[in-house]
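**Q** Residues in the sequence shown are numbered from 0 upward in steps of one, following numbering that gives the first Met the number 0. Don't be surprised by glycine CBs; every beta carbon is placed ideally from N, CA and C. Got a structure here, written out as structure tokens. Questions coming.
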Amino acid sequence: MQSASEQSEAAEPPAPPEHAYPDHWEADVVLRDGGTARIRPITADDADRLVSFYEQVSDESKYYRFFAPYPRLSAKDVHRFTHHDFVDRVGLAATVGGEFIATVRYDRIDARGLPASAPADEAEVAFLVQDAHQGRGVASALLEHIAAVARERDIRRFAAEVLPANTKMIKVFTDAGYTQKRSFEDGSVRLHLDLEPTDRSLAVQRAREQRAEARSVQRLLTPGSVAVVGTGRTPGGVGRTVLRNLLGAGFTGRVYAVNAALTGETELDGVPAHPSVGAIGEPVDLAIVAVPAERVPEAVADCGEHGVRGLVVLSAGYAESGAAGRERQRELVRQARSYGMRIIGPNAFGIINTADDVRLNASLAPQMPAAGRIGLFTQSGAIGIALLAGLHRRGAGLSSFISAGNRADVSGNDFLQHWYDDPGTDVVLLYLESIGNPRKFTRLARRTAAVKPVVVVKGARHSGSAPPGHRVPVTRIPHATVSALLRQAGVIRVDTVTELVDAGLLLAAQPLPAGPRVAILGNSESLGLLTYDACLTEGLRPTRPLDLTTAAVPADFRDALAAALADETADAVVVTAIPWVGEDGATEFGDGEVLAAALREAVASAPAPKPVVVVHVEMGGLAEALAVATSTRPAAAGRGTASRENRSVGAAPAQTAPPPQPAAPVQQVTPPGEQAPGEQAAGQQVPAQQATIPAYPAAERAVRALAEAVRYGQWRRQAAEPGRVPEYEDIDEAGAAALIEGVLGGEGVDARGVTLDTEEAGALLARYGIAVRPTLPAPTPDAAVAVAARLGYPVALKATAPHLRHRPDLGGVRLDLATEEQLRTAYAELTEVLGKPEELQPVVQAMVPRGVDTVVRSAIDPAVGAVLSFGLSGAASELLGDTAHRLVPATDRDAAELVRSLRTAPLLFGWRGSAPVDTPALEELLLRVSRLVDDHPEVVAVSLEPVVVAPRGLSVLGATVRLAPPAPRTDLGPRSLPRY
């Protein structure tokens, strides 16, 4: 790709003075194959690297770059390609191990294609990728970064000249998603790209991000070979424990023990032992690092120099230990990324992959979990141990497990990218103590939740800071707001690890309910009533419990469950069971296995899949029996009582199934010719006939898990039609932009932002069709009377001092003042009781139609972006925290949900005979505020309080607007890993 500017060196004007090195252009990126590279500006110190890089490029690639044979770079070429002013001439390099693997440069040009300076806004761009690294997505990543640099330097278009045979480079440009023009001139393809991001370019960028990050996780979970660095010569110790766990799980790849002290040994625990990774002499995909922190850099260098693809660092002594540890952690990440490696940890517990063709247990967990359909990520080793034990005890299997420790590099976001299209995972469970990139997490969670459930429990909710070792952005919004935004994204938020397991079991084992209608049946009236009450508490719609009486036998349960599953008025069924004691005091089916078989038979014969959960009290073996591996064979034709020998779901009566193993894991057996669960379309729920039935020891736990499934199912159905962002013809976007620019561009404006005065705020809101009722100051009684005469009676008199604003409970408001006498009396009372006029700052406002006082707010948080909030005005709502939140831009569906999701929402809809208020007008106001904040990121805060919503129309009585220069949107920039 030869540039016209290179052909015109003789015409080049004198170089402008160089600018300071732009270190903010440096970035680590994940490439298409899951490896990493570092992108940085090229400097004069890179001459030797450039020459070495060029020598490793094939003659064909050189020809494509320069349109002629070009075997070597001249000294003049080297100088030109390494000396940049970082404005009109910029070069970026992708590096691995400190060496160049690709370069890109742009030169600003004028309309004739000659070298130029600003205000020229076009530049020619040219790439060169080392042949060994072509096909890894390096050029696509470089294009994203050089385009961002160009936009920063006021370059709006790229021009590129490419030989027709160079199809790979043409594809890089055409696939980028930018608006482009293409022509054929003088035997070459001429491309022009508009660098303004488009919806398509952003979609392309995010799709590439997903593939690359998912692949980077897949490389960690599916290694062909593993080296345990730090394996002790004697049993015990972290390294030796991990080696034992790897071998005990039956890892299908090669395993090596590595320790500098192993010079004399040739084997440890039956595997080859070496003093270093380099001494192995064969490729190593994954290294488990279990050496003291001070020796980790040596181990990382050994791994990186010999082609290891990823690291799991179990070593402690990093950011969790203080300032010195934080710096050690930064250096660890920088060092690993310089070699193209990704890291889990440090201070990690390890990773597990239960796939039959891998069977990787690179963790401190002594027992390999059963294979299953749940992906589990935790940031705590202790919680990870507890979750593994809890899931195993209840018969649930995992597809993969990750305990990431300080998650300095690989995080929950990366695993969401992997699990999104992982056919082996149906449900995602996350224990998080911090969210490093909430904006990205919300985006990824929404996309993943659209195809499979994502369940999150968050620790450290009320500590006020991130746990030691976690590097996260500062957020000003409370935890309740974050939870509301996660729910908007389809995330199932639970409060405890017990609830995490409860919800995960149901979602992995049962189909999603079609609605909130719940049938309840069982042999205990009291337990049925407890379940009924729990359903009402969770917002479900239960039917009256069917009491089978304590005389019920398993066949009665089977018949009742079959009838409930066939009932079109029920969306889910809760079975309650207590032991049945015969006349002689003996428990007839207290071990639970016979009852479990009967319930399975009913589920197998159901005409349509519905979720079934069991609540049991002291039913020995019932939970274990319900979790036994099941069969996917066709259901039996008969419906006789299940015997102890015939209790697999759908087993034919004439055949004998092996007896159940109480602690058996959840597994599905797929007959030849049938589709395995892992081959189902993303998000498709496992049919009830193939699944286990989750059992719970308390009605509240079962119903809470079921309620989460109901709400998630409703979200999934709504997500298919997410609503739209309405267009309003009366919005003056350009006028609002001019007003904002005039305020922020004025002299003496605080760089941190400015709060608009009442007139300016009203003018800006009016540009978006939001009318604010005038509020006029009344510093004296006579001024108040004059204002009232201007506005017209009746009026309201309000104290606006900060300690009294929006606090009518403190007596700073007088309403319905219909005459001058009433106004003067009210003014005197106000100043006598609360203070002097200069302290109270009284104002007069015309009365508006009576209604419900509400509050509409929007604010931009640096971590999550713009948030739209709604609540009822008053101390009670504030005390209860009864506020709803949605991310901006809000759709019409979001606005409707905001209004209806408050606990106090009945006050808007005619509670106790009152007149319903104009909720469509309220929803429109919410949408207009959302549009204002979305269109103008300089609007960092809006508060409309109170907004009186009447039966017809609404009135905005007070408004506060704050402007500030917008913070850079990292989620709209080029792909990059968090900086260290």
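1) Please tell me whether residue 440 and residue 403 are closer than 8 Å, where the distance is taken between their beta carbons.
2) Take residue 972 as the anchor and find which of 145, 137, 979 and 748 has the nearest alpha-carbon.
3) Figure out for me which residue from 748, 919, 194 and 438 has the closest Cα to the Cα of residue 948.
4) Tell me the rounded alpha-carbon separation between residue 356 and residue 394.
5) Tell me where the beta strand (DSSP E) around residue 893 begins and ends.
6) Per DSSP, which one or two residues make a beta bridge with residue 457?
7) Using the beta-carbon count (16 or more within 10 Å), is residue 419 buried or exposed?
8) Suppose you measure from the CA of residue 981 to the CA of residue 564; what does that come to, to the nearest Å?
9) Would residue 794 and residue 844 qualify as a contact pair, given that the criterion is a beta-carbon distance under 8 Å?
10) Quick check on the burial criterion: 16 or more other C-beta atoms within 10 angstroms. Buried or exposed for residue 910?
11) Would residue 193 and residue 153 qualify as a contact pair, given that the criterion is a beta-carbon distance under 8 Å?
12) With H, G and I counted as helix, E and B as strand and the rest as coil, what does DSSP make of residue 27?
13) Hey, residue 401 and residue 453: beta-carbon distance below 8 Å or not?
14) Enumerated in chain order, which unbroken segments of the beta strand (DSSP E) with a length of 3 residues or greater are wholly contained in the stretch 503–559?
15) Could you check the C-alpha separation between residue 267 and residue 621 for me, to the nearest Å?
16) Can the beta-carbon of residue 347 be found closer than 8 Å to that of residue 511?
17) Can you have a look at residue 201 and say buried or exposed, based on whether 16 or more other CB atoms are within 10 angstroms of its CB?
18) Under the assumption that residue 33 contacts residue 215 (Cβ atoms under 8 Å), give the Cβ distance between them as a whole number of angstroms.
19) Please classify residue 412: does DSSP put it in a helix, a strand, or coil?
20) According to DSSP, what are the bridge partners of residue 376?
21) Alpha carbons only, please: which of 188, 88 and 80 is nearest the one belonging to residue 63?
22) Mark residue 35 as exposed unless 16 or more other C-beta atoms lie within 10 angstroms of its C-beta, in which case mark it buried.
23) Among 321, 855, 571 and 335, which residue has its Cα nearest to the Cα of residue 295?
24) Leaving out five residues on either side along the sequence, give the residues of the same chain with a beta carbon under 7 Å from the beta carbon of residue 50.
25) Where does residue 963 land, buried or exposed, given buried means 16+ other C-beta within 10 angstroms?
26) Can you tell me the Cα-Cα spacing of residue 205 and residue 697, whole angstroms?
27) If you run the structure through DSSP and keep just helix, strand and coil, what is residue 728?
28) Taking the runs of the alpha helix (DSSP H) that are 4 residues or longer, which of them lie wholly in the stretch 160–225?
29) Let's test the definition: count the other Cβ atoms within 10 Å of the Cβ of residue 222 and tell me whether it reaches 16, buried, or not, exposed.
30) Rounded to a whole number of angstroms, what is the C-alpha to C-alpha distance between residue 526 and residue 700?
31) Starting from residue 841, follow the beta strand (DSSP E) in both directions and report where the run begins and ends.
32) Taking C-beta to C-beta, are residue 692 and residue 508 nearer than 8 Å?
33) Alpha carbon to alpha carbon, what distance is there between residue 407 and residue 122?
34) Exposed or buried, residue 914, counting other C-beta atoms within 10 Å across all chains shown (16 or more means buried)?
35) Using the DSSP secondary-structure output, state which residues sit across from residue 287 in a beta bridge.
36) Taking 8 Å as the limit between beta carbons, can you name the residues of its chain near residue 91, skipping five residues before and five after?
**A** The answer reads as follows:
1) no
2) 145
3) 919
4) Roughly 22 Å between the two C-alpha positions.
5) Segment 891–899 is the alpha helix (DSSP H) holding residue 893; no beta strand (DSSP E) there.
6) Note: residue 457 sits in a beta bridge opposite 431.
7) buried
8) Absent from the model: residue 981. The displayed extent of the chain is 0 to 979, so no value can be given.
9) yes
10) exposed
11) no
12) strand
13) no
14) 516–521
15) Near 44 Å, if we compare the C-alpha coordinates of residue 621 and residue 267.
16) no
17) exposed
18) 4 Å
19) Residue state, collapsed to three classes: helix.
20) 401 and 429
21) 188
22) buried
23) 335
24) 72 and 77
25) buried
26) 43 Å
27) coil
28) 166–173 and 198–220
29) That one is buried.
30) Taken atom to atom, the span from the alpha-carbon of residue 526 to that of residue 700 is near 13 Å.
31) 841–845
32) A contact, by the Cβ cut-off of 8 Å.
33) Residue 407 has its alpha-carbon roughly 37 Å from the corresponding atom of residue 122.
34) exposed
35) 227 and 311
36) 24, 38, 39, 40, 41, 102, 103, 104, 141, 144, 145 and 148
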